[in-house]
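Using UniProt numbering, the first residue of the sequence shown is number 1, and each one after it goes up by one.
What follows is a short report on a single structure.
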Amino acid sequence: MEVKSRHHLRGDEIDEVVTAIEERLGVTVEGDAFEDVDFADSDRRVVLVDGEPYVAFFDGEPFLTVNGAQTFAPERNVVTVDAGAISFVSDGADVMRPGIVEADDTIAEGDLVAVAEETHGKVLAVGRALVDGAEMTGDSGKVVESLHHVGDDLFELTV
Numbered sequence: 001m002e003v004k005s006r007h008h009l010r011g012d013e014i015d016e017v018v019t020a021i022e023e024r025l026g027v028t029v030e031g032d033a034f035e036d037v038d039f040a041d042s043d044r045r046v047v048l049v050d051g052e053p054y055v056a057f058f059d060g061e062p063f064l065t066v067n068g069a070q071t072f073a074p075e076r077n078v079v080t081v082d083a084g085a086i087s088f089v090s091d092g093a094d095v096m097r098p099g100i101v102e103a104d105d106t107i108a109e110g111d112l113v114a115v116a117e118e119t120h121g122k123v124l125a126v127g128r129a130l131v132d133g134a135e136m137t138g139d140s141g142k143v144v145e146s147l148h149h150v151g152d153d154l155f156e157l158t159v
């Protein structure tokens, strides 16, 4: 991803991003500098917090990136997977019911979610819930569409 330009966000823009993430994930993103990044080869919107790609927009909604969620651990909208699912989720696979050990009951179909592994709580991916949180555990079926994961272009982004 080639950076075309960077510019600092205004105070009201920072407040909008921080508030949206607080409401969705229950965590406050803190930093001294918030910069919006435009890419030459992508229409993806990323916000750097103190130079790190901690926030990205998914379908116009600000949400923590995997790197951001590893720094600012989400308290809500988290789906937890077992050890058997880690390699699949880390490679960008959608999340299937049999791999889920726990899901936040407040998740609604269509919400953005952080997908974490159960042993250490590290976030492996960001996705979109295909069902409500209460319906995520079970024997079969896809329940989270993967949008961003460990090792993808956004995860590897350095600016």
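For every residue, glycine included, the Cβ atom is placed at its ideal position computed from N, Cα and C.
Values in this document were obtained by computation on a predicted structure and should not be read as measured data.
{"Query": "Out of E117, V47 and S90, which has the shortest C-alpha to C-alpha gap to residue 176?", "Result": "Nothing about residue 176 can be read from this structure; the chain reaches only from 1 to 159."}
{"Query": "Terminal residues of the continuous beta strand (DSSP E) containing A116?", "Result": "L112 to E117"}
{"Query": "In angstroms, rounded to a whole number, what distance separates the CA positions of D12 and A56?", "Result": "17 Å"}
{"Query": "Starting from E23 and walking both ways along the alpha helix (DSSP H), at which residues does that stretch end?", "Result": "G11 to L25"}
{"Query": "Which residues mark the beginning and the end of the alpha helix (DSSP H) in which F72 is found?", "Result": "F72 -> no alpha helix (DSSP H), and no H or E assigned at all."}
{"Query": "Spatial neighbours of T71 within its chain, please: CB distance less than 7 Å, with the 5 preceding and 5 following residues excluded, ordered by chain position.", "Result": "Y54"}
{"Query": "What does a CB cutoff of less than 6 Å around A40 pick up in its chain, not counting 5 residues either side in sequence?", "Result": "E2 and K4"}
{"Query": "Compute the Euclidean distance between the alpha carbons of A33 and R76, then round it to the nearest angstrom.", "Result": "25 Å"}
{"Query": "Pick helix, strand or coil for residue 167, following the three-state DSSP scheme.", "Result": "Nothing about residue 167 can be read from this structure; the chain reaches only from 1 to 159."}
{"Query": "Can you list, in chain order, the residues of its chain whose CB lies under 6 Å from that of A85, leaving out five sequence neighbours each side?", "Result": "G99"}
{"Query": "How would you call D111, buried or exposed, if buried means at least 16 neighbouring beta carbons within 10 angstroms?", "Result": "buried"}
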